[in-house]
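J.: Can you keep this structure in mind? I'll have questions shortly.
Numbering (the numbering used here), first residue to last: 10 to 186.
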């Protein structure tokens, strides 16, 4: 049985505010590098939540990368489909699942999300593609880690817990350009 492979590229704000030689402007400018391979702190959480959703043990190979930009995460996930399932079936399932969610949208078929599409917003965009390898699909997700990944997520959770509309104070459209 194969697990899920996740290659995620994050802007330098994903590495925190602390001063580190590897996240200074001169270290990241015109550079693209992997970090935290084999022991990233988010891997157990991904395995836990995917296993819970699948009802069986799911393993994750998580490969984070640092991009020379301030904010945003673009994650590319490679998944093995259930027997007889296509990438379009997976896409349709995600469309149905997130149809009523104000902050998650599945892109049109054949269109992949980008970090610019979500910059400054609480949105999560998902794109689903048929892999050239039979029985596999590629799912691409984009968020702004400074909003959806932190403060926006906190406000969204607070709204739900206090009985406010989930989207209160989070209606900001993505910033463009």
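Note that the Cβ used here is the ideal one computed from N, Cα and C, for glycine as well.
#1: Taking the C-alpha atoms as reference points, what is the distance between residue 163 and residue 130?
#2: So, is residue 112 buried or exposed, given that buried needs 16 or more other C-beta atoms within 10 angstroms?
#3: Output the boundary residues of the alpha helix (DSSP H) element that contains residue 105.
#4: With 16 other CB atoms within 10 Å as the buried threshold, where does residue 173 fall?
#5: Check whether the Cβ atoms of residue 148 and residue 85 sit closer than 9 angstroms, and answer yes or no.
#6: Which residues does DSSP pair with residue 73 in a beta bridge?
#7: Does the beta-carbon of residue 64 have 16 or more other beta-carbons within 10 angstroms, so that it is buried, or is it exposed?
#8: Roughly how many angstroms lie between the CA atoms of residue 92 and residue 138, to the nearest whole one?
#9: Could you check the C-alpha separation between residue 10 and residue 67 for me, to the nearest Å?
#10: Taking the C-alpha atoms as reference points, what is the distance between residue 46 and residue 73?
#11: Taking the continuous alpha helix (DSSP H) assigned at residue 36, which residues delimit it?
#12: Pull up the distance between the alpha-carbon of residue 175 and that of residue 167, whole angstroms please.
#13: Using the C-alpha atoms, what's the distance from residue 114 back to residue 124?
T.: Checking against the coordinates, here is how it stands:
#1: 13 angstroms
#2: buried
#3: 96-106
#4: exposed
#5: yes
#6: 17
#7: exposed
#8: 17 angstroms
#9: Because residue 10 sits at a pLDDT of 48, beneath the cut-off of 50, its placement in the model cannot be relied upon, and the point is left open.
#10: 7 angstroms
#11: 34-37
#12: 8 angstroms
#13: 14 angstroms
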